[in-house]
Amino acid sequence: REKLLKRLGFTNLSSLFGKDANLRNLEMLMLGRIDLWISTDQIVFKTANDTGIDSNEIEETLTVKKAYVYLAFSKDTDDKIVNEWQHTLKAMKKDGTYKKILSQYPSGLKRITFDPPNNAQPE
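Here is the structure:
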């Protein structure tokens, strides 16, 4: 993430490392010592929840990069099982169950995309 920001022209960057880096970043953000903390939404919300900080106090201001998640099966998995997964996922997206489940997570629906990247293979 730091390399990406440097490529984008940011020069006032400070990096923290170590097992407590996320905690220190969150504390500095909440104290106003830093203006921005670049991290994944999962890490931000987990760190907040672990420390008792209300995640509603943290505002997502910019999406730097989106990541797509895929479900992969072993080559040895029976085609019937793969087809059942595909059929069920498609049905869940169609009836709204998929959105309902994902909306229960801290990042909410604003981070969810239902469109695969251009180079993704169709279902």
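The sequence shown begins at 4 in the working numbering and counts up one residue at a time. Beta carbons: idealized from backbone N, C-alpha and C, even for Gly.
In this chain, K69 is not harboured by any alpha helix (DSSP H), its DSSP state being neither H nor E.
DSSP, read as helix, strand or coil, puts D38 in coil. Nearest to R36 by alpha-carbon distance, out of S42, K102 and N28, is N28.
At a Cβ-Cβ threshold of 7 Å, E5 and S17 do not count as neighbours.
Your pair V67 and L26 does not check out as a contact, with CB atoms roughly 21 Å apart and the cut at 8 Å. The shortest C-alpha to C-alpha distance from L105 to any of G12, Q45 and N15 is the one to Q45. Spatial neighbours of T64 in its own chain (CB-CB distance under 8 Å, excluding positions within 5 residues in sequence) are listed in chain order as L39. A75 sits exposed, since fewer than 16 C-beta atoms from the chains shown fall within 10 Å of its C-beta.
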